[in-house]
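First up is the structure itself, then whatever we jot down about it.
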Amino acid sequence: GAGVSQTPSNKVTEKGKYVELRCDPISGHTALYWYRQSLGQGPEFLIYFQGTGAADDSGLPNDRFFAVRPEGSVSTLKIQRTERGDSAVYLCASSLGRGAGKAFFGQGTRLTVV
Amino acid sequence: GEDVEQSLFLSVREGDSSVINCTYTDSSSTYLYWYKQEPGAGLQLLTYIFSNMDMKQDQRLTVLLNKKDKHLSLRIADTQTGDSAIYFCAERYNDYKLSFGAGTTVTVRA
Numbered sequence: 001g002a003g004v005s006q007t008p009s010n011k012v013t014e015k016g017k018y019v020e021l022r023c024d025p026i027s028g029h030t031a032l033y034w035y036r037q038s039l040g041q042g043p044e045f046l047i048y049f050q051g052t053g054a055a056d057d058s059g060l061p062n063d064r065f066f067a068v069r070p071e072g073s074v075s076t077l078k079i080q081r082t083e084r085g086d087s088a089v090y091l092c093a094s095s096l097g098r099g100a101g102k103a104f105f106g107q108g109t110r111l112t113v114v
Numbered sequence: 001g002e003d004v005e006q007s008l009f010l011s012v013r014e015g016d017s018s019v020i021n022c023t024y025t026d027s028s029s030t031y032l033y034w035y036k037q038e039p040g041a042g043l044q045l046l047t048y049i050f051s052n053m054d055m056k057q058d059q060r061l062t063v064l065l066n067k068k069d070k071h072l073s074l075r076i077a078d079t080q081t082g083d084s085a086i087y088f089c090a091e092r093y094n095d096y097k098l099s100f101g102a103g104t105t106v107t108v109r110a
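So the sequences go chain by chain: U and R.
Going by the working numbering, the first sequence opens with residue 1, and the numbers climb by one from there.
Going by the working numbering, the second sequence opens with residue 1, and the numbers climb by one from there.
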C-alpha cells in the first residue's frame with residue numbers, strides 16, 4: 001500500500017476483554033515496529049520485528065501483550081484481559097531495513113478500555 | 001530507554017520564528033530526530049541530525065545540536081498556521097528503537 005495502514009482506527013472495549021490491533025506495513029518493508037502513545041506522552045517502544053521474528057519485545061509491558069507477524073508482512077498486536085490503563089494510541093511503523101529513524105508511521109489505533 | 005525532555009507548549013504569532021527545545025541524556029546517541037504529529041495523523045519525520053554535526057538547515061527548518069549540554073533545538077522560520085501541531089524530539093536508542101520526548105504543542109495565532 002501507499003502507507004502504513006492500521007485497523008481499526010478506534011476501538012472501545014470493556015475491561016477484561018481481548019483485543020487485536022492490525023498493522024499493514026508498506027509493501028516490501030522488512031522491519032516493523034509497535035509503539036504505544038498514552039495521553040500527553042510521546043510514543044514508547046513496544047516491539048520490533050525483522051521479518052517474521054520478534055527481534056526485541058522488551059517494551060511489551062507484561063505478558064498480557066503479544067504480537068505476531070507470521071508471514072513477515074501484516075502484524076497483529078494482541079492484548080488479553082484488557083485494563084483501563086491499556087487505553088492509548090497504538091502506533092505501528094515500518095521501514096525498508098533496520099533503521100529506526102527511517103520508519104514510516106501509521107495513523108494509529110486509539111484503544112479505549114471502559 | 002533514556003529520558004528526553006521537552007517544554008510542553010509554545011504559542012507563536014504567524015510569521016514569527018518558533019524555537020522548540022529538547023534535552024536528552026544518552027551521550028552515545030548517533031542520530032536525533034524531530035517529528036510532527038497533526039490531529040488524527042501519524043508521526044511525520046521532519047528532519048534529523050547526526051551527532052557529529054552542530055547544525056542542519058532544511059528550508060524553513062534549522063536544527064541546532066549542542067552535544068556538550070545534550071541540547072537539541074528546532075527553529076521554524078516564518079511560522080504558518082499549518083505548522084500548528086505537536087512536535088516530538090527523539091533520540092536513537094539503538095538501530096531500531098527511538099526514545100521520544102512528551103511532545104511540544106505549538107499553537108500558531110494570527
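Even for Gly, the Cβ is constructed at its ideal location relative to N, Cα and C.
Residue i at chain R interface by Cβ criterion, 8 Å
i: U:A2; result: no
i: U:H48; result: It should be noted that the sequence gives Tyr, not His, for residue 48 of chain U. Cβ-Cβ to chain R under 8 Å: yes for U:Y48.
i: U:D56; result: yes
i: U:G99; result: yes
i: U:L91; result: yes
i: U:Q80; result: no
i: U:G108; result: yes
i: U:F66; result: no
Contacts of residue i in chain B (Cβ-Cβ under 8 Å)
i: U:F45; result: The structure shown contains no chain B; the protein chains it does contain are U and R.
Distance between residue j and residue i (C-alpha atoms, nearest Å)
i: R:H71; j: R:S28; result: 13 Å
i: U:Y35; j: U:Y18; result: 19 Å
i: R:E38; j: R:V106; result: 10 Å
i: U:P61; j: R:I49; result: 30 Å
i: R:C89; j: R:E5; result: 8 Å
i: R:D26; j: R:A110; result: 38 Å
i: U:E14; j: U:R81; result: 9 Å
i: U:F104; j: R:L45; result: 8 Å
Any chain U beta carbon closer than 8 Å to residue i
i: R:D110; result: In the sequence under discussion, the amino acid at residue 110 of chain R is Ala, which differs from the Asp named in the question. So no, R:A110 is outside the interface.
i: R:G15; result: no
i: R:F88; result: yes
i: R:Y33; result: yes
i: R:A41; result: yes
i: R:G103; result: yes
Buried or exposed by the 16-neighbour rule on C-beta atoms within 10 Å, applied to residue i
i: R:F9; result: exposed
i: U:L96; result: exposed
i: R:K36; result: buried
i: R:Q80; result: exposed
Simplified DSSP assignment, three categories, for residue i
i: U:G40; result: coil
i: U:D24; result: strand
Subject >> Chain-ordered residues of the stretch 15–45 of chain U with a beta carbon less than 9 Å from chain R >> reply: A31, Y33, Y35, Q37, G40, Q41, G42, P43, E44, F45
Original post:
Of all the residues that make up the stretch 49–78 of chain R, which are near chain U by a beta-carbon distance shorter than 9 Å?
Top reply: none
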